[in-house]
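Presented below is the structure to which this report refers.
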Amino acid sequence: MLIQLLFTLFIFNFVKLQNNDLNYEFPNESENIFSQTTTQILTNNYTKIYENLLEKISKYCITNKEYEDFYKIKLKPGLISTFFPFLIEVTVKQIGLNELRHCLNLKKQKINFVDKVNEEVEEGEPIKYNNSKLEYFKKKVYRFSEDLVAELKFWPEDIQNANKFLDKKFPVRQLFQLKCEEMGIKNFKILNKKLIDDMFEDLKKMERTIYFKFFDLNLKSSSANFFIPTLNCSDPKYFERLGLEKEF
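The sequence shown lines up with residues -17 to -1, 1 to 231 when you count with mature numbering (1 follows the signal peptide of the UniProt record, and there is no 0).
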C-alpha cells in the first residue's frame, strides 16, 4: 500500500512538472450559479442559510468528466480523486481569505504557503493603517495559509483552475461572503487584536466545515474504488453494484 501511494505521488508530481506553463489569474465570481441568490440575503438567520448552502455540496455528485475539469492536466479521474481533498483545502482557504480581504477593502491575493503576503488596499495605494495592526493581520493570514506540503505539490495554476471549478459548481464563495456579513466588519480601520483573532477563528471554522463536506463528497464520487473501479455515484450502475438506494 505504501509503495502504491509513493508511486501515485511520483506520477502526480512528474505530470505537474511537464505541464507548468500557465499564467495565474483570479476567476470571475459572476460565473457562480449561486451568486444571484445568496449575496442579496438580508436575514439574520445565518445558521439556516449555511445549512442550506452546505447541503448543496453534500448532495452533489462529481462525475469523471468533472474530475478532469477540476484538474486540467490529463490524468485519470481516479488518480485526480486521490489528491482532490488536498487541492480543495488550499483553494477553499484562498477563497475565504479573499472574501475576508474584500470586506476589509483589501486587494485579492494568491495564497502563499511559506511567507507573509504584502497586503494592499483595493485602490492600490499603500496601507496607511497602524503598522503593528497590519503586521498582526499578515501574521494571522500566514498562519492560516502555511502548508509546506501544498507548496511542494501544487503550482499556482492548479489553485487557479480549482478556484474556477468551485466558483462554477459550488456556493463556497457565498458561504464566506455570508460569514463576513455575519461578522459585521466593514473595513480594516476598525480592527483591533481581539477582533482579528475572532475573525480568523470564525474563518477557520467555516473553512473546516466546507473542507469536510468536500472530503465526504469525494469519497462518494471517487472512481478510485477497489470494488467498482470504473464507476462513481453519477452512474446508475454504481448503486446497482453496491446494492444501495440512490439518495440524491
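C-beta atoms are modelled at their ideal positions from N, C-alpha and C, and glycine is treated no differently. Here the structure is a predicted model, which means the values were calculated and not measured.
Selected residue, minimal CA-CA separation from residue i, among the options
i    : options                  : result
Q92  : F69, V124, E118 and I63  : V124
K172 : R84, W138 and N146       : R84
N144 : I168, G167, K55 and N114 : K55
L37  : K196, K203 and I63       : K196
D130 : K76, T30 and K42         : K76
L117 : E34, D180, K39 and I94   : D180
K203 : K31, Y50 and Y29         : Y50
C216 : S115, I78, C44 and L58   : C44
L80  : N28, N146, K48 and N201  : N146
T192 : Y29, Y33 and L58         : Y33
L200 : Y29, K59, T46 and L58    : T46
N114 : K176, E140, S205 and N35 : K176
S205 : P60, T30 and I78         : P60
Residue interval of the alpha helix (DSSP H) (run including residue i)
i    : result
N201 : K176 to S204
D141 : P139 to K152
E118 : N114 to S128
F159 : V155 to M166
T30  : Y29 to S41
F53  : N47 to F53
K103 : Looking at the sequence shown, residue 103 is not Lys but Glu. Careful: E103 lies outside any alpha helix (DSSP H) and carries neither H nor E.
V132 : L131 to K136
Contacting residues, own chain, Cβ-Cβ under 8 Å from residue i (five flanking each side not counted)
i    : result
K122 : K99
F96  : V73, S128, E129, D130, L131, A133 and E134
I168 : C86, L87, L174, L178 and M182
V194 : Correcting the residue type first, residue 194 is Tyr in the shown sequence and not Val. Result list for Y194: P68, I71, E72 and V75, in chain order.
Q23  : The pLDDT assigned to Q23 is 47, lower than 50, so where the model puts this residue is not dependable; a value taken from the coordinates is nonetheless given after this. None.
S41  : K196, D199 and L200
T26  : Low local confidence applies: a pLDDT of 48 at T26 is under 50, so the model's placement there is unreliable, with the coordinate-based value given in what follows. The answer, listed in chain order, is I32.
Residues near residue i by beta carbon distance below 7 Å, same chain, minus five either side
i    : result
E82  : R156, F159, Q160 and C163
F148 : D52 and F53
F183 : K123 and F127
K166 : Position check: residue 166 holds Met in this sequence, whereas Lys was assumed. Only M182 and D185 meet the Cβ criterion.
N170 : L87 and N88
Y29  : L161 and E165
Anticipated Cβ contact below 8 Å, residue i with residue j, distance rounded
i   : j    : result
L89 : E102 : 5 Å
I69 : K136 : Inspection of the sequence shows that residue 69 is occupied by Phe rather than by Ile. Right, their Cβ atoms sit about 7 Å apart.
I63 : I142 : Wrong, their Cβ atoms sit about 15 Å apart, outside the cutoff.
Residues of its chain near residue i, where Cβ-Cβ distance is below 6 Å and the 5 sequence neighbours each way are ignored
i           : result
I71         : F197
N6          : Annotation note: pLDDT 40 at N6 (below 50); position unreliable, coordinate value reported separately. No residues qualify anywhere along the chain.
residue 238 : Outside the shown range of the chain (-17 to 231) lies residue 238, about which nothing can therefore be said.
Evaluate the contact criterion for the stretch 146 to 162 versus the stretch 188 to 198: three or more CB pairs, one atom per stretch, below 8 Å. yes
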